[in-house]
Amino acid sequence: MTSPPAPTRQWLALVLLAMTQFVLVVDTAIVIIAAPSMEKVGFSQESLPWVTNAYALAFGGLLLLGGRASDILGRRRIFIAGLALFAVGSLAGALSTAPLWLIIARVVQGIGAALVSPAALALVMTLFTGEKERNKALGVWGSVAAAGAATGYVFGGLLTEWFGWQSVFWVNLPIVAVVVLLAPRLLPEAKDPSHTSFDLAGAVTVTGGVSLTVYALFNAGTSGWGSAQTLGLFAGAVVLLAAFVVIESRSSNPLISLGIFRIASLRNGNGLTLLTQGAVMPMFFLLTLYVQHVLGFTPLQAGLAQMPAALCFTLLGTHVGNLVSKIGFRIPATVGSIIAAAGLYWLAQAEVGGNYFADVFGPLTVTAIGAVLSVVALMIAATAEAPASSAGLASGLVNVTQQLGGAIGLAVLSSIAAMSTARSAERGNDALTSLTDGMDTALTIGAGIAVVTGLLAAVLFRKKSRPAEAADSGSAVAENEGAVA
144 MTSPPAPTRQ
154 WLALVLLAMT
164 QFVLVVDTAI
174 VIIAAPSMEK
184 VGFSQESLPW
194 VTNAYALAFG
204 GLLLLGGRAS
214 DILGRRRIFI
224 AGLALFAVGS
234 LAGALSTAPL
244 WLIIARVVQG
254 IGAALVSPAA
264 LALVMTLFTG
274 EKERNKALGV
284 WGSVAAAGAA
294 TGYVFGGLLT
304 EWFGWQSVFW
314 VNLPIVAVVV
324 LLAPRLLPEA
334 KDPSHTSFDL
344 AGAVTVTGGV
354 SLTVYALFNA
364 GTSGWGSAQT
374 LGLFAGAVVL
384 LAAFVVIESR
394 SSNPLISLGI
404 FRIASLRNGN
414 GLTLLTQGAV
424 MPMFFLLTLY
434 VQHVLGFTPL
444 QAGLAQMPAA
454 LCFTLLGTHV
464 GNLVSKIGFR
474 IPATVGSIIA
484 AAGLYWLAQA
494 EVGGNYFADV
504 FGPLTVTAIG
514 AVLSVVALMI
524 AATAEAPASS
534 AGLASGLVNV
544 TQQLGGAIGL
554 AVLSSIAAMS
564 TARSAERGND
574 ALTSLTDGMD
584 TALTIGAGIA
594 VVTGLLAAVL
604 FRKKSRPAEA
614 ADSGSAVAEN
624 EGAVA
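In the numbering used here, the protein residues as written are 144 to 628.
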């Protein structure tokens, strides 16, 4: 592994990597806003969600494989290769004239993103080895990535309104070109010399299991949670993931050394990230419906309405990283989750006759402040103990829990919102009142999940659990990984 570059180049490299992750996250939200305009290509109302789902399915399903590929083949190499695939998918999407081709283009984009994202985060961990600097860098990374989820709606509205839906794909190409040109100059190559081959059986089963899980969540929204198709998909996912655990426990060169899950902060950080994402991320979708249908906002105005969250994520992330260096994971994760819960519950009081500043701006800002505290602290917890040789794998795990948490939360809370909306309509309420009732119910449950997350963080993390302690624990696990695997 090459030695880290000089400090100035380190931070330039971080800007490059964070900008790339921002684009990957934005590419989910940006297409949601543009999707209605894509009906002109030939999409039906039933097939239109697959413009988003195809990307998320490929992205989420292949993240673990992408993380381990970066450890084996080289993180910079996989980063650049993934960007090339993402660019090909973006070009194909911009030129698509039929639904099938656009969906295929989104799958290609998702595959590229699954290679880029874990490699990029692993490079951040490689570039910044000191506790304080790494936490600051991870704070920047986490806040920029989270901001992408909010600002994607703004960019989607602007680009679609001014230049047409194809522009949400064209805009990726110059950004990717700049990153690919600068990557060899700013990013070091790094890989794990102890792993020289892929665990094919493990890769197939975990990719299939995660992909089926994501697909089952999407399917549940249309076919129902109790339908034979949904239950069959979940059953298939359980079988594949169980087979994966058996394969990994017997493999001499596993895709995932199961010993990594003995690291307490990695295990707890990922588990709580799943809950945090599930509680907070659906808010952006539900809020978009509320401000457009109830408050009468245009798509562009709806995107701009999310800007307070984006600003909180962007401005506070670095400070949270510094805070974790001083006081550990426990307090930011606990307090952040409780603050986010308060914001979600406040937002759940919104009514049909409300207005943006009274019913949205305040609770959205509070939720975002709590979320950035929790998300950044948990991401640092989930990666701080990981051995250097498994940085790509640890990064892949973080990305998987973030993707799955958001997908599970959106599927569950949107279904709850739909059922609550239907019950409200049955009671004789008008459409807007019913829609608002559904959103309020879902957000209240999201607030409850955030409270549970905060309580678990207070219990699971040691009172003085800090990244420096984590590094020592990770080294011990690294020494024993081979025996466990």
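Every residue, glycine too, gets a C-beta built ideally from N, C-alpha and C.
- DSSP, read as helix, strand or coil, puts tryptophan 368 in coil.
- Rounded to the nearest angstrom, the gap between the Cα atoms of leucine 208 and asparagine 498 is 46 angstroms.
- Spanning the alpha carbons of valine 541 and alanine 263 requires a straight line of approximately 12 angstroms.
- Arginine 473 places its beta carbon 9 angstroms or farther from that of arginine 277.
- Rounded to the nearest whole angstrom, the CA to CA distance from serine 180 to glycine 299 is 11 angstroms.
- Nearest Cα to alanine 380 within the set Val184, Ser400, Ser366, Leu355: Leu355.
- DSSP assignment within the stretch 492 to 533 yields the following whole alpha helix (DSSP H) runs of 4 residues or more, N-terminal first: 505 to 527.
- Under the 10 Å beta carbon count, alanine 501 is surrounded by fewer than 16 other beta carbons and is classified as exposed.
- Nearest Cα to glycine 471 within the set Val519, Phe456, Ala237, Phe306: Val519.
- Alanine 386 and threonine 348 have their alpha carbons spaced roughly 7 angstroms apart.
- In the pairwise beta carbon analysis, the stretch 588 to 601 is classified as touching the stretch 405 to 423: at least three pairs are separated by under 8 angstroms.
- Within the stretch 231 to 267, no beta strand (DSSP E) run of at least 3 residues lies entirely inside it.
- Each of Trp313, Gly513, Ile551 was checked against the Cα of asparagine 362, and the nearest Cα belongs to Ile551.
- For leucine 343, the closest C-alpha among the options Gly307, Asn396, Trp313, Pro327 is that of Asn396.
- Distance from the CA of leucine 575 to the CA of serine 557, rounded to the nearest whole angstrom, comes to 16 angstroms.
- Under the Cβ criterion (8 angstroms, minimum of three pairs), the stretch 475 to 487 counts as touching the stretch 503 to 513.
- Taking C-beta atoms as the reference points, lysine 183 and serine 468 fail to come closer than 9 angstroms.
- Straight through space, the alpha carbons of valine 166 and lysine 334 are spaced by roughly 25 angstroms.
- The alpha-carbon separation between methionine 522 and asparagine 572 amounts to approximately 43 angstroms.
- Two segments are said to touch when three or more pairs of C-beta atoms, one from each, lie closer than 8 angstroms; by this definition the stretch 194 to 205 touches the stretch 251 to 261.
- Between tyrosine 433 and alanine 514, the C-beta spacing is not below 9 angstroms.
- For the pair glycine 282 and leucine 266, the Cα-to-Cα distance works out to about 15 angstroms.
- CA-to-CA, the gap between alanine 585 and glycine 549 works out to about 14 angstroms.
- The C-alpha of leucine 301 lies about 9 angstroms from the C-alpha of glycine 446.
- Asparagine 572 sits in coil when the DSSP states are folded into three classes, being neither helix nor strand.
- With three or more CB-CB distances shorter than 8 angstroms, the stretch 309 to 319 counts as touching the stretch 230 to 242.
- Counting only unbroken stretches of 4 or more residues, the alpha helix (DSSP H) elements lying wholly within the stretch 271 to 345 are 274 to 306, 310 to 313, 315 to 329, in sequence order.
- Classified as exposed, threonine 272 has fewer than 16 neighbouring CB atoms from the shown chains inside 10 Å of its CB.
- At a Cβ-Cβ threshold of 9 angstroms, arginine 218 and threonine 269 count as neighbours.
- Closest in C-alpha terms to leucine 430, from the list Ala537, Leu547, Leu578, comes Leu578.
- Here DSSP, grouped into helix, strand and coil, assigns asparagine 362 to helix.
- Note on geometry: alpha-carbon atoms of arginine 249 and valine 311 lie some 12 angstroms from one another.
- By the Cβ-count criterion, phenylalanine 186 is buried, with 16 or more other Cβ atoms from all chains shown falling within 10 Å of its own Cβ.
- Alanine 476 is not a Cβ neighbour of threonine 587, given a cutoff of 9 angstroms.
- By the neighbour-count definition (other C-beta atoms within 10 Å, threshold 16), valine 168 is a buried residue.
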